[in-house]
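S.K.:
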Amino acid sequence: MAESFTPERVVVTGGAGFIGSNFVHWVMENQPGVHVTVLDALTYAGNLENLKGIPDDRMTFVHGDVCDTELVDRLLSENDACVHFAAESHNDNSIVDPAPFVRTNVQGTYTLLEAARKYDVRFHHISTDEVYGDLALDDPTRFTEETPYHPSSPYSSTKASSDMLVRAWTRTYGIRATISNCSNNYGPYQHIEKFIPRQITNILCGLSPKLYGDGLNVRDWIHTEDHSSAVWRILTCGRVGETYLIGADGEKNNIDVLRAILEGMGKEPDDFVWVRDRPGHDRRYAIDSSKLCHELGWKPKHIDFAQGLAATIRWYQDNEAWWSPLKKATEAKYAKQGQ
Ligand code: NAD
Ligand code: DAU
Numbered sequence: 008m009a010e011s012f013t014p015e016r017v018v019v020t021g022g023a024g025f026i027g028s029n030f031v032h033w034v035m036e037n038q039p040g041v042h043v044t045v046l047d048a049l050t051y052a053g054n055l056e057n058l059k060g061i062p063d064d065r066m067t068f069v070h071g072d073v074c075d076t077e078l079v080d081r082l083l084s085e086n087d088a089c090v091h092f093a094a095e096s097h098n099d100n101s102i103v104d105p106a107p108f109v110r111t112n113v114q115g116t117y118t119l120l121e122a123a124r125k126y127d128v129r130f131h132h133i134s135t136d137e138v139y140g141d142l143a144l145d146d147p148t149r150f151t152e153e154t155p156y157h158p159s160s161p162y163s164s165t166k167a168s169s170d171m172l173v174r175a176w177t178r179t180y181g182i183r184a185t186i187s188n189c190s191n192n193y194g195p196y197q198h199i200e201k202f203i204p205r206q207i208t209n210i211l212c213g214l215s216p217k218l219y220g221d222g223l224n225v226r227d228w229i230h231t232e233d234h235s236s237a238v239w240r241i242l243t244c245g246r247v248g249e250t251y252l253i254g255a256d257g258e259k260n261n262i263d264v265l266r267a268i269l270e271g272m273g274k275e276p277d278d279f280v281w282v283r284d285r286p287g288h289d290r291r292y293a294i295d296s297s298k299l300c301h302e303l304g305w306k307p308k309h310i311d312f313a314q315g316l317a318a319t320i321r322w323y324q325d326n327e328a329w330w331s332p333l334k335k336a337t338e339a340k341y342a343k344q345g346q
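Following the numbering used here, the numbering of the sequence shown begins with 8 at its first residue and continues without gaps.
Dropping the structure here:
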């Protein structure tokens, strides 16, 4: 049976990043009684602009590190829930330098769990479908909560490690925690190192979009607003100790997504270049979110990918000042990797 929990003061780690900031906006719009404290280290991926317009009486921003025990202790002692988004999140970066991934994703989660244990704070851990490894293109199955862990990249192995810590702290110490593993998000405020915004901003800059490998790798796309509503549903109605998979039946291969972007931006279907593949590149992800839908009654709102993609393209067209300062450094990093 699902339990009901009504948080009033929520710490959101990584709330200045892509999914975290979208979640904070979602809470502001949909949960008027809730106060949010964002804890974010403002790494290259964090941006205070993502939280612009949120009133001071609804949100406190704390610039700090999830590995800082004293700070984490203080914040969790003052709040009744924590939703943990903060992470190093990009696979390609983890291949070049895994060290910050181990620190933030593993040690950071450990630090938060210890504080959640000490102050009996309801904890929700944000994870990824990548912990399950990949599926073959012709495999009819999808990931479920029972799929064995089989991570491929430094990034996904650190996320898998953090999930294991949450499970162990729940079983051994009885902390009140849940985990969600979500598929690929798209939408506003996504860093331009990621696939969809990289290609949109390449086209806007007059650069060629870049496709890895044979372009047939499949990702299961979900709009970030649907991820937010699912996380809130799990935090408030989910069963403590459980894992829920979040997905919206959005499987697409990369070349089809790229061609949809090209078409939406008035380009020819072959206006892109092939680049070096990602080492260890996962072939396909696919989420079965039946447990979340049936047990907690969650439903995604953005089921028309073409419409969501068109709105995302417009967002990057309208917000050049947000992304253009990042473009040169992001592309220079990729160029060094032959990508
Ligand atoms: P992001 O890289 O856009 O944002 C990460 C945020 O965490 C940034 O604001 C950054 O400043 C902050 N951060 C990094 N290290 C920190 C530290 N040591 N202390 C405090 N803050 C720190 O990431 P995202 O794409 O928004 O992903 C958020 C979470 O969702 C991650 O846990 C990721 O694994 C998970 N996830 C992402 C996706 C996706 O498609 N992007 C899908 C499923 C799950
Ligand atoms: O599945 C959830 C995961 O989705 C999250 O856990 C990660 O944090 C998030 O970054 C994302 O991981 P991916 O590696 O799937 O996302 P990325 O945007 O890096 O790449 C998506 C696909 O596009 C992947 O198959 C690689 C390919 N790609 C990517 C880039 C940046 C290209 O073909 N060209 C590119 O330029």
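Ideal Cβ placement from N, Cα and C applies to all residues, glycine included.
If you're wondering where the values come from, they're calculated on a predicted model, not measured in any experiment.
1. Have a look at residue 321 and residue 272 and give me their C-alpha separation to the nearest angstrom.
2. Short check: CB of residue 138 to CB of residue 90, under 8 Å?
3. CB residue 190 to CB residue 166, shorter than 8 Å?
4. Indicate whether the contact test is met: 3 or more Cβ pairs, each with one atom in the region 327-342 and one in the region 192-211, closer than 8 Å.
5. Which residue from 125, 143, 281 and 174 puts its Cα closest to that of residue 86?
6. Within the region 250-303, note down every full beta strand (DSSP E) run reaching 3 residues or more, in order along the chain.
7. When the Cα atoms are used, what is the spatial distance from residue 290 to residue 171?
8. I'd like the list of long-range same chain contacts for residue 98, defined as Cβ closer than 7 Å, with 5 residues on each side in sequence excluded.
9. Residue 8 by DSSP, collapsed to three states: which one?
10. For residue 203, is the beta carbon positioned less than 7 Å from some heavy atom of ligand 1?
11. Note down the Cα distance separating residue 208 from residue 336, rounded to an integer number of angstroms.
12. Can you tell me the Cα-Cα spacing of residue 43 and residue 343, whole angstroms?
13. Can you tell me where the beta strand (DSSP E) holding residue 31 begins and where it ends?
14. Can you give the Cα-Cα distance for residue 51 and residue 193, rounded to whole angstroms?
15. Leaving out the 5 sequence neighbours to the left and right, which residues in its chain are closer than 7 Å to residue 110 when beta-carbon positions are compared?
16. Compute the Euclidean distance between the alpha carbons of residue 258 and residue 249, then round it to the nearest angstrom.
17. Considering only heavy atoms of ligand 1, does any lie closer than 7 Å to the CB of residue 300?
18. Decide if residue 326 is buried, meaning its Cβ has at least 16 other Cβ atoms within 10 Å, or exposed.
19. Go through its chain and collect everything with a Cβ distance to residue 4's Cβ below 7 Å, but skip five positions before and after it.
20. Just how far apart, CA to CA, sit residue 221 and residue 260?
21. Take residue 149 and list the residues in its own chain whose beta-carbon comes closer than 7 Å to its own, dropping the five residues that flank it on each side.
22. Which stretch, first to last residue, makes up the alpha helix (DSSP H) that contains residue 173?
23. Going by C-alpha to C-alpha distance, which of 311, 100, 31 and 205 sits closest to residue 236?
24. Using the Cα positions of residue 8 and residue 117, report the straight-line distance between them to the nearest angstrom.
25. Counting only runs that start and end within the region 191-253, where is the alpha helix (DSSP H) found for 4 or more residues in a row?
26. From what residue to what residue does the beta strand (DSSP E) around residue 46 run?
27. Closer than 8 Å by C-beta to residue 303: which residues in its own chain qualify, once you throw out the five before and the five after it? Chain order, please.
28. Between the beta-carbon of residue 93 and the beta-carbon of residue 151, is there less than 8 Å?
M.R.: Taking the definition as stated:
1. The straight-line gap from Cα to Cα measures roughly 10 Å.
2. Residue 138 places its beta carbon 8 Å or farther from that of residue 90.
3. Going by C-beta atoms, residue 190 is not nearer than 8 Å to residue 166.
4. Using a C-beta cut-off of 8 Å, the region 327-342 makes contact with the region 192-211, since at least three inter-stretch Cβ pairs fall below that distance.
5. Nearest C-alpha to residue 86: 125.
6. Entirely contained in the region 250-303, the beta strand (DSSP E) runs reaching 3 residues are, in chain order, 250-253, 258-260 and 280-282.
7. Straight across, the Cα-Cα distance linking residue 290 with residue 171 is about 24 Å.
8. Excluding residues within five positions, the ones whose Cβ falls inside 7 Å are 160, 162 and 285.
9. Interpretation of residue 8 is limited by its pLDDT of 43, a score under 50 that renders its predicted location unreliable; the figure taken from the coordinates is listed afterwards. Under the three-state reduction of DSSP output, residue 8 falls in the coil class, being neither helix nor strand.
10. Incorrect: residue 203 has no Cβ contact closer than 7 Å to ligand 1.
11. Cα-Cα distance, rounded: 13 Å.
12. Distance between the alpha carbons of residue 43 and residue 343: 39 Å.
13. Looking at the DSSP string, residue 31 is not in any beta strand (DSSP E); the run it does join, the alpha helix (DSSP H), is 25-37.
14. If you draw a straight line from the Cα of residue 51 to the Cα of residue 193, it comes to about 19 Å.
15. Around residue 110: 74.
16. Answer to the nearest angstrom: the Cα atoms are 25 Å apart.
17. Relative to ligand 1, the beta carbon of residue 300 is positioned no closer than 7 Å to any heavy atom.
18. Residue 326 is classed as exposed because its beta carbon has fewer than 16 other beta carbons within 10 Å across all chains shown.
19. Outside the modelled stretch of the chain, which goes from 8 to 346, sits residue 4, for which no answer is possible.
20. Each residue's alpha carbon lies about 10 Å from the other.
21. Cβ neighbours of residue 149 beyond the five flanking positions: 293, 294 and 295.
22. Counting along the chain, the alpha helix (DSSP H) containing residue 173 begins and ends at 161-180.
23. The residue with the shortest Cα to Cα distance from residue 236 is 31.
24. With a pLDDT of 43 at residue 8, under the threshold of 50, the predicted position of this residue should be treated as unreliable, though the coordinate-derived value follows. C-alpha of residue 8 to C-alpha of residue 117: approximately 28 Å in a straight line.
25. Fully enclosed alpha helix (DSSP H) runs of 4 or longer: 202-212 and 231-244.
26. The continuous beta strand (DSSP E) containing residue 46 extends over residues 42-47.
27. Excluding residues within five positions, the ones whose Cβ falls inside 8 Å are 9, 240, 241, 244, 245 and 251.
28. No.
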